[in-house]
Amino acid sequence: MLFDIQTLLVIGNIAALIPGLLLPIVWLQERSATCLLTWGFGHLIGAIGLLVALLRPPIPAGIAAQFSHTTILIFYTTVWGAIRQFEGRRLLPLGMAAGPVLCLAACQIPAFDDTLVARVTVVSTGAGIYSLAAALELLQGQRERLPSRWFLIGLLALLCLQYALRPFLVPSLPFAQVLPLPGGTGLPPMLTIVSSFLLLNLVKERAMLRHQEVARIDLLTGVPNRRGFIEAAARHLAPRRNRVPAAVLLLMDLDHFKQINDRFGHAVGDKVLHLFAAVARAELTPDNVFGRLGGEEFAALLPGRDLTEAMAMANRIRLAFALAGATVAGCQVGARVSIGMAVQNGTACKLEDLLQEADTALYRAKTNGRDRVELPVATLPRPA
474 MLFDIQTLLV
484 IGNIAALIPG
494 LLLPIVWLQE
504 RSATCLLTWG
514 FGHLIGAIGL
524 LVALLRPPIP
534 AGIAAQFSHT
544 TILIFYTTVW
554 GAIRQFEGRR
564 LLPLGMAAGP
574 VLCLAACQIP
584 AFDDTLVARV
594 TVVSTGAGIY
604 SLAAALELLQ
614 GQRERLPSRW
624 FLIGLLALLC
634 LQYALRPFLV
644 PSLPFAQVLP
654 LPGGTGLPPM
664 LTIVSSFLLL
674 NLVKERAMLR
684 HQEVARIDLL
694 TGVPNRRGFI
704 EAAARHLAPR
714 RNRVPAAVLL
724 LMDLDHFKQI
734 NDRFGHAVGD
744 KVLHLFAAVA
754 RAELTPDNVF
764 GRLGGEEFAA
774 LLPGRDLTEA
784 MAMANRIRLA
794 FALAGATVAG
804 CQVGARVSIG
814 MAVQNGTACK
824 LEDLLQEADT
834 ALYRAKTNGR
844 DRVELPVATL
854 PRPA
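Each residue of the sequence shown is one higher than the last, beginning at 474 in this note's numbering.
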């Protein structure tokens with residue numbers, strides 16, 4: 474069944490108008506997602522372009538066609554711009570203006586303006602390029618696990634393919650001599666609405682992901698909390714291809730921390746905790762897992778390290794903290810740290826078992842005078 478051109482334009486106008494009004498309202502509740510505002514603005518511009526095409530009899534045909542072509546390209550530039558904003562990149566005004574300006578300039582050439590295939594080819598090429606650019610922007614942001622990303626990439630790729638084929642299909646369209654817009658209604662109604670809801674879902678998925686990340690972060694020190702550390706450490710300790718990865722666990726506890734709090738106040742104590750987290754992170758490598766387990770207790774998992782390397786790193790942390798923690802906030806704090814170690818080497822161990830073993834070594838470090846690193850019991854030399 475074929476719809477007449479007026480019906481198609483009305484459908485397209487409604488499909489563009491709904492997201493154009495809805496997304497700015499959602500943006501008012503999620504001000505950080507400026508992509509929603511940009512995307513909604515583009516839909517409103519597209520709706521205006523379709524409205525001009527719908528009112529073509531009172532409006533001169535040449536003006537209506539030029540305005541409609543330009544607004545369609547503006548819509549696709551805002552799609553590209555909104556995706557760039559979603560990925561944390563700035564808008565490129567020159568790139569966004571290039572397509573509509575070139576199209577408007579081409580429409581001033583009589584031979585071009587009088588040829589339907591030429592007009593559809595230019596507008597379709599521009600729309601396809603901007604759709605492809607938006608898809609590529611999304612491809613570059615795969616570091617976030619957002620399921621809707623791939624659906625929107627596929628939809629944008631489908632739009633790009635449609636516009637690549639559009640110039641070859643123009644002669645066969647029953648309304649080809651009437652409709653000045655590419656793609657039937659210029660904004661395929663179904664794809665327009667689906668893409669808008671996919672963008673909304675992307676924003677929602679990112680918000681949920683960030684809430685989950687915040688739930689795994691210790692707000693005082695900025696490092697993973699107990700939950701975040703245990704989840705990350707468990708992933709590193711899991712067997713891979715029937716092989717148990719080697720790793721060393723460091724369990725670190727600040728010495729005499731209660732006395733520091735009692736003597737200098739909790740504000741200084743908080744700064745000592747923050748300082749230790751900064752010192753430890755500076756000494757650890759990016760592949761290490763570090764977190765605050767609670768109170769003045771921290772842990773670090775060193776994947777792929779042997780005991781000698783881990784011992785050297787533990788002592789670097791201890792000495793660096795002793796130097797940095799001598800004076801904190803103008804107070805002679807003299808902060809120190811004791812460290813206990815545990816090893817996973819060829820035999821699968823639960824993280825809880827490693828923590829227990831490291832805790833035993835840490836207790837021994839406290840008993841033997843503090844400000845020291847103690848090895849696991851199994852690695853201690855036997856008495857002669």
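Beta carbons: idealized from backbone N, C-alpha and C, even for Gly.
- At the C-beta level, G599 and C633 stay beyond 7 Å of one another.
- The DSSP-derived three-state label of G764 is strand.
- Residue state for P492 is assigned as helix, using DSSP reduced to three classes.
- Per DSSP, the unbroken alpha helix (DSSP H) holding A740 starts and ends at 739–756.
- Contact between the segment 606–613 and the segment 570–582 is absent: fewer than three C-beta pairs spanning the two stretches fall below 8 Å.
- Looking at the DSSP output, T800 bridges to Q805.
- Judged by their CB atoms, D844 and R809 are nearer to each other than the 7 Å cut-off.
- DSSP places L723 within a strand segment (E or B) once states are collapsed to three.
- For the set G561, R736, E782, A787, the Cα lying nearest the Cα of V752 is the one of A787.
- Membership of S505 in any alpha helix (DSSP H) is not indicated, and neither H nor E is assigned to it by DSSP.
- Membership of G701 in the alpha helix (DSSP H) is indicated by the continuous run 699–710.
- In this model, G695 and N761 are separated by some 16 Å (Cα to Cα).
- Of all C-beta pairs linking the segment 762–776 to the segment 725–733, three or more are shorter than 8 Å, placing the two stretches in contact.
- DSSP, reduced to helix, strand and coil, places A783 within a helical segment of the structure shown.
- A straight line joining the alpha-carbon of M814 with that of N841 spans about 15 Å.
- Under the Cβ criterion (8 Å, minimum of three pairs), the segment 699–711 does not count as touching the segment 739–754.
- Between A489 and G519, the gap from beta carbon to beta carbon is short of 7 Å.
- In the DSSP annotation of this structure, the continuous segment of the beta strand (DSSP E) that includes Q817 starts and ends at 810–817.
- Secondary structure within the segment 535–586: the alpha helix (DSSP H) runs of 4 or more consecutive residues, fully enclosed, are 566–579, 583–586 (chain order).
- Remark: C-beta atoms of I545 and G568 do not approach each other more closely than 7 Å.
- By the neighbour-count criterion, in which 16 or more other beta carbons inside 10 Å mark a residue as buried, W553 falls on the buried side.
- In the DSSP assignment, E770 falls within the unbroken beta strand (DSSP E) covering 770–776.
- The three-state secondary structure of V595, taken from DSSP, is helix.
- The beta carbon of R622 sits closer than 6 Å to those of L611, all from its chain and outside the five residues before and after it, given in chain order.
- Nearest to K823 by alpha-carbon distance, out of A834, E704, I498, is E704.
- For L835, the enclosing alpha helix (DSSP H) stretches over residues 824–840.
- By a beta-carbon distance limit of 8 Å, A719 does not contact H709. Their separation comes to about 11 Å.
- A straight line joining the alpha-carbon of L792 with that of E617 spans about 37 Å.
- By the beta-carbon neighbour count (other beta carbons within 10 angstroms, threshold 16), S669 is buried.
- For A711, the closest of L628, T543, N818 by C-alpha to C-alpha distance is N818.
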